[in-house]
């Protein structure tokens with residue numbers, strides 16, 4: 185299949201693999217891109233829809249983890265401000281532990297940056313920055 189037959193990448197976590205399968209971050213994890221079939225629509229809303237969809241299957245043979253699996257987030261809107269993608273989400277974040285905080289940040293940020301072509305992302309959950317939303321328990 186040609187690259188254009190695939191949709192935007194959605195990022196998942198390879199736990200404790202030391203960067204062997206992707207960019208190393210957080211608790212010695214890797215961020216791994218997964219591409220689905222191309223579907224019509226704005227790449228940002230398609231990618232976030234795929235990432236935030238409850239129970240979205242990830243290939244169990246690939247041994248990838250979705251730190252957002254227990255969260256209940258919905259994509260509200262997104263726009264570009266210069267080279268920054270600004271994304272508004274609503275719902276609740278439920279990290280499974282301290283290592284899930286950088287995993288959630290990385291999954292969302294990398295998926296948004298890749299889908300939008302931005303160089304950075306500002307993410308808001310219920311009007312608060314992602315960092316603030318993850319720090320409130």
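Residue numbers (this note's numbering): 185 to 321.
Don't be surprised by glycine CBs; every beta carbon is placed ideally from N, CA and C.
These numbers come from a predicted model, not from an experiment.
>> Distance check for residue 210 and residue 259, CA to CA, integer angstroms please.
In response: Indexing the chain shown from 1 puts residue 259 at position 75. Indexing the chain shown from 1 puts residue 210 at position 26. Each residue's alpha carbon lies about 25 Å from the other.
>> If I follow the unbroken alpha helix (DSSP H) through residue 284, where does it start and stop?
In response: For this step, residue 284 is matched to residue 100 along the chain shown. Run containing residue 284: 284–300, per the alpha helix (DSSP H) assignment.
> Quick one: is residue 207 buried, meaning 16 or more other Cβ sit within 10 Å of its Cβ, or exposed?
Replying inline: On the chain shown, position 23 is the one that residue 207 refers to. Per the 10 Å Cβ criterion, exposed.
> How many angstroms separate the CA atom of residue 310 from the CA atom of residue 271?
Replying inline: Working through the chain shown from its first residue, we reach residue 310 at position 126. Working through the chain shown from its first residue, we reach residue 271 at position 87. Spanning the two alpha carbons is a distance of roughly 11 Å.
>> What does the alpha-carbon distance come out to for the pair residue 307 and residue 221?
In response: For the purposes of this step, residue 307 is taken as residue 123 along the chain shown, with counting starting at 1. For the purposes of this step, residue 221 is taken as residue 37 along the chain shown, with counting starting at 1. Distance between the alpha carbons of residue 307 and residue 221: 25 Å.
>> For residue 252, report the span of its beta strand (DSSP E) as first-last.
In response: On the chain shown, position 68 is the one that residue 252 refers to. Careful: residue 252 lies outside any beta strand (DSSP E) and carries neither H nor E.
> How about the region 281–288 and the region 296–307: do they share at least three Cβ pairs that are nearer than 8 Å?
Replying inline: no
>> Tell me the rounded alpha-carbon separation between residue 304 and residue 217.
In response: Counted from its first residue, the chain shown places residue 304 at position 120. Counted from its first residue, the chain shown places residue 217 at position 33. When rounded, the distance between both Cα atoms is 17 Å.
> Using the rule of at least 16 other Cβ atoms within 10 Å of the residue's Cβ for burial, across every protein chain shown, is residue 319 buried or exposed?
Replying inline: Translated into positions along the chain shown, residue 319 becomes position 135. Per the 10 Å Cβ criterion, exposed.
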